[in-house]
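K.L.:
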Amino acid sequence: MNKILDTDSFVTLLGTKGGPAIRTGSTNPTSSLLVLNGRKIVIDCGLGVTRGLVDQGMALKDLSLIFITHMHSDHYLELGPLIHTAWTAGLATPVTVHAPREIEEYWKQFLLSMKADIDLRMEDEGRPDLSALVMFQTLNEGEVLRLDDLTVTATRNEHPPLVDTFALRIAGSGSDVVFSGDTAYLPRLADFAEGADLLIHEAMLPDALDALFKRVSNGDDRLKTHLLRSHTMASDAGKIATQARVGALALHHLIPSDDPDFTEEDWIAALSGHWDGPLHIGKDGMRIPLTRAR
1132 MNKILDTDSF VTLLGTKGGP AIRTGSTNPT SSLLVLNGRK IVIDCGLGVT
1182 RGLVDQGMAL KDLSLIFITH MHSDHYLELG PLIHTAWTAG LATPVTVHAP
1232 REIEEYWKQF LLSMKADIDL RMEDEGRPDL SALVMFQTLN EGEVLRLDDL
1282 TVTATRNEHP PLVDTFALRI AGSGSDVVFS GDTAYLPRLA DFAEGADLLI
1332 HEAMLPDALD ALFKRVSNGD DRLKTHLLRS HTMASDAGKI ATQARVGALA
1382 LHHLIPSDDP DFTEEDWIAA LSGHWDGPLH IGKDGMRIPL TRAR
């Protein structure tokens, strides 16, 4: 994979699986890389994010800006290992993490769990103080970041039982991308995403859910209740994209993403009559170029 150039603008869906479990043949949990004229932004840090970034040609020492949309493990489990690995790969500049406030306790406990290794590497290898490199900003609604030509705004979505759970709109370098985050069907997201170049929206495939519930052997009916009240059917994601008049739609955080009985054709069929524009059915490592041409 080539190095990311200063002029590159794209989104890569690093991990496209909804939920934290991985099985033989499955995709990785949720993470994405947004690049705007070479500026690298990581959105969510599910298991596999570190390898995914390297496979896209990103030098981990260039890590600088991370957003965590909410506190479910398939979105933040690998945040600590990502930053630690970047540190061992040469990270010496600050990393800012925008996330719900609970992430700071996670980071505190991660540092504690790795204290022996971190202290040893600082003393034995001359590494900088890892804890001093990472800064946190509590994610809230409204404009959360303005930096040069980059603007990030957030809105709460609906992903019960969590409250601090967000969709993001990231604009800069002539591109405008919206990440739905994990959310139930939320018609007002069409207003939030109005006119965006690309909407990256989570999606469930209704015909595949019964098989999924049978495959999970250590849960009960509460899992089904959670999924149905907290996530969006693919057809409804299509409705949001149509109402928002976005340039393209990418389905992400797929539930399920790893059932061989259901293919891309099933996802396309689920969107029939709801979205007829450019469409990307998420696959791990899928790179979507960003253009204004519509």
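Here the numbering used here is used: the first residue of the sequence shown is 1132, the next is one more, and so on.
We treat Cβ as the ideally placed atom computed from N, Cα and C, and that holds for glycine.
None of these values were measured; they are calculated from a predicted model.
(1) DSSP puts alanine 1230 in a beta bridge; with which residues?
(2) If I follow the unbroken beta strand (DSSP E) through valine 1142, where does it start and stop?
(3) Among Gln1374, Ala1339, Ala1381, Thr1373, whose alpha-carbon lies nearest the alpha-carbon of proline 1391?
(4) Considering histidine 1215, what are the terminal residues of the beta strand (DSSP E) in which it resides?
(5) Which residues in the same chain as threonine 1356 place their Cβ atom closer than 8 Å to its Cβ, once the five residues preceding and following it in sequence are excluded?
(6) Three-state secondary structure (DSSP) at serine 1195?
(7) Under a Cβ-count criterion, where at least 16 other Cβ atoms within 10 Å of its own Cβ denotes burial, should glutamate 1256 be classed as buried or exposed?
(8) Of the residues Pro1420, Thr1422, Ile1412, which one's Cα is nearest the Cα of glycine 1146?
(9) Return the CA-CA distance between lysine 1148 and leucine 1178, expressed in angstroms with no decimal places.
(10) Are leucine 1343 and proline 1387 close, meaning C-beta to C-beta below 7 Å?
(11) Taking a contact to mean a Cβ-Cβ separation below 7 Å, would you say leucine 1264 touches valine 1228 in this structure?
(12) Locate the beta strand (DSSP E) running through leucine 1330, then write down its first and last residues.
(13) Over what stretch of residues does the beta strand (DSSP E) that includes serine 1403 continue unbroken?
(14) I need the straight-line Cα distance from proline 1337 to glutamate 1209, nearest angstrom please.
(15) Going by CA-CA distance only, name the one from His1203, Asp1137, Ala1298 that's closest to aspartate 1193.
(16) What's the gap between the Cα of histidine 1215 and the Cα of serine 1204?
(17) Does threonine 1161 come within less than 7 Å of chain C when only Cβ atoms are used?
(18) Assign aspartate 1367 to buried or exposed, taking buried as 16 or more other Cβ atoms, counted over all protein chains shown, within 10 Å of its Cβ.
(19) Using a Cβ-Cβ cut-off of 8 Å (strictly less than) and excluding sequence neighbours within five positions of alanine 1220, which residues of its own chain qualify?
(20) In angstroms, rounded to a whole number, what distance separates the CA positions of isoleucine 1199 and aspartate 1307?
(21) Which runs of the alpha helix (DSSP H) at least 4 residues long sit entirely within the segment 1155-1194? Give them in chain order.
(22) So the alpha helix (DSSP H) alanine 1372 belongs to, where does it begin and stop?
(23) Using the beta-carbon count (16 or more within 10 Å), is alanine 1424 buried or exposed?
(24) If you draw a straight line from the C-alpha of aspartate 1175 to the C-alpha of threonine 1161, how long is it?
(25) Find the nearest neighbour of methionine 1335 within the set Glu1395, Leu1278, Leu1281, Asn1349, judged by alpha-carbon distance.
(26) Quick one: Cα of alanine 1400 to Cα of histidine 1332, how far?
(27) DSSP beta-bridge partners for serine 1204?
P.N.:
If we stick to the structure as given:
(1) Working through the sequence shown from its first residue, we reach residue 1230 at position 99. Answer is Thr1269, bridged to alanine 1230.
(2) Counting from 1 along the sequence shown, the entry for residue 1142 is found at position 11. Unbroken beta strand (DSSP E) run through valine 1142: 1141-1146.
(3) Position 260 of the sequence shown, counting from 1, holds the residue named residue 1391. If we check each option's Cα against that of proline 1391, Ala1339 comes out closest.
(4) If you number the sequence shown from 1, residue 1215 lands on position 84. Here histidine 1215 belongs to no beta strand (DSSP E); instead the alpha helix (DSSP H) covers 1210-1219.
(5) Against the sequence shown, residue 1356 aligns to sequence position 225. Excluding residues within five positions, none has a Cβ falling inside 8 Å.
(6) Against the sequence shown, residue 1195 aligns to sequence position 64. It is coil, neither helix nor strand.
(7) Numbered from 1 along the sequence shown, position 125 holds the residue referred to as residue 1256. Exposed, since its Cβ has fewer than 16 Cβ neighbours within 10 Å.
(8) Stepping through the sequence shown from its first residue, residue 1146 is reached at position 15. Closest option to glycine 1146, Cα to Cα, is Ile1412.
(9) For the purposes of this step, residue 1148 is identified with residue 17 of the sequence shown, where counting begins at 1. For the purposes of this step, residue 1178 is identified with residue 47 of the sequence shown, where counting begins at 1. In a straight line, the C-alpha of lysine 1148 is about 10 Å away from that of leucine 1178.
(10) As a first step, residue 1343 must be located in the sequence shown, where it is residue number 212. As a first step, residue 1387 must be located in the sequence shown, where it is residue number 256. Contact: yes.
(11) Numbered from its first residue, the sequence shown carries residue 1264 at position 133. Numbered from its first residue, the sequence shown carries residue 1228 at position 97. No, Cβ-Cβ distance for leucine 1264 and valine 1228 is not below 7 Å.
(12) The count along the sequence shown starts at 1 and reaches residue 1330 at position 199. Taken as a continuous stretch (DSSP letters only), the beta strand (DSSP E) holding leucine 1330 covers 1329-1335.
(13) Counting from 1 along the sequence shown, the entry for residue 1403 is found at position 272. Per DSSP, serine 1403 belongs to no beta strand (DSSP E) and is neither H nor E.
(14) Here the question's residue 1337 lines up with position 206 in the sequence shown. Here the question's residue 1209 lines up with position 78 in the sequence shown. Their backbone Cα atoms lie some 29 Å apart in a straight line.
(15) For the purposes of this step, residue 1193 is taken as the residue at position 62 of the sequence shown. Closest option to aspartate 1193, Cα to Cα, is Asp1137.
(16) For the purposes of this step, residue 1215 is taken as residue 84 along the sequence shown, with counting starting at 1. For the purposes of this step, residue 1204 is taken as residue 73 along the sequence shown, with counting starting at 1. Whole-angstrom Cα-Cα distance: 18 Å.
(17) No chain C is present in this structure, which holds just one protein chain.
(18) Taking the first residue of the sequence shown as 1, we reach residue 1367 at position 236. It is buried - the Cβ of aspartate 1367 has at least 16 other Cβ atoms within 10 Å.
(19) Residue numbering aside, residue 1220 sits at position 89 when the sequence shown is read from its first letter. These residues qualify, in order along the chain: Ala1190, Leu1191, Lys1192.
(20) As a position in the sequence shown, residue 1199 is number 68, starting the count at 1. As a position in the sequence shown, residue 1307 is number 176, starting the count at 1. Straight-line Cα distance between these residues: approximately 19 Å.
(21) 1180-1186
(22) Taking the first residue of the sequence shown as 1, we reach residue 1372 at position 241. Per DSSP, alanine 1372 belongs to the alpha helix (DSSP H) from 1365-1375.
(23) Looking up residue 1424 in the sequence shown gives position 293. Any answer about alanine 1424 is weak, because its pLDDT of 41 lies below 50 and its placement is not dependable; what the coordinates show is given next. Per the 10 Å Cβ criterion, exposed.
(24) In the sequence shown, the residue the question calls residue 1175 occupies position 44. In the sequence shown, the residue the question calls residue 1161 occupies position 30. Whole-angstrom Cα-Cα distance: 6 Å.
(25) The residue given as residue 1335 occupies position 204 in the sequence shown. Of Glu1395, Leu1278, Leu1281, Asn1349, the residue nearest in Cα terms is Glu1395.
(26) Along the sequence shown, read from residue 1 onward, the residue named residue 1400 stands at position 269. Along the sequence shown, read from residue 1 onward, the residue named residue 1332 stands at position 201. Taking the straight line from one Cα to the other gives about 17 Å.
(27) Start at 1 with the first residue of the sequence shown, and residue 1204 comes out as number 73. Paired residues: none, contrary to the question.
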